[in-house]
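**Q**
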Amino acid sequence: MNTASLTRTGILIGAVLALTWIILGFWAFFFVAIAMIVGGIIGRILEGKLDATALVDVIRGRNTSS
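Add 2 to a position in the sequence shown, counting from 1, and you land on the number used in the numbering used here.
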């Protein structure tokens, strides 16, 4: 992705979150933001850009500095 595309994506995400907050309130905004984060993580795992086992180890607090 080029920089302009990333900028447009960021603007779109911000607009969706802002409109969610304005129209539906804070808790709807919060849950939409969490869903977007989880979706992004799942997308990265499916693309092969994020190692799921390493992510689970980080969440569990395991250090693997080899």
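We put the beta carbon where it would ideally sit given N, CA and C, even for glycine.
Apart from the five residues just before and just after residue 52, which ones in its own chain have a Cβ nearer than 6 Å to its Cβ?
**A** The answer, listed in chain order, is 46.
**Q** Who are the Cβ neighbours of residue 35 in its own chain at under 7 Å, not counting the five residues just before and after it?
**A** Closer than 7 Å at the Cβ level, and outside the excluded window around residue 35, lie 19.
**Q** Specify, as a first and last residue, the run of the alpha helix (DSSP H) that residue 59 falls within.
**A** Looking at the DSSP string, the run of the alpha helix (DSSP H) that includes residue 59 is 54–62.
**Q** Expressed to the nearest angstrom, what Euclidean distance is found between the alpha-carbon atoms of residue 27 and residue 42?
**A** Distance between the alpha carbons of residue 27 and residue 42 is about 23 Å.
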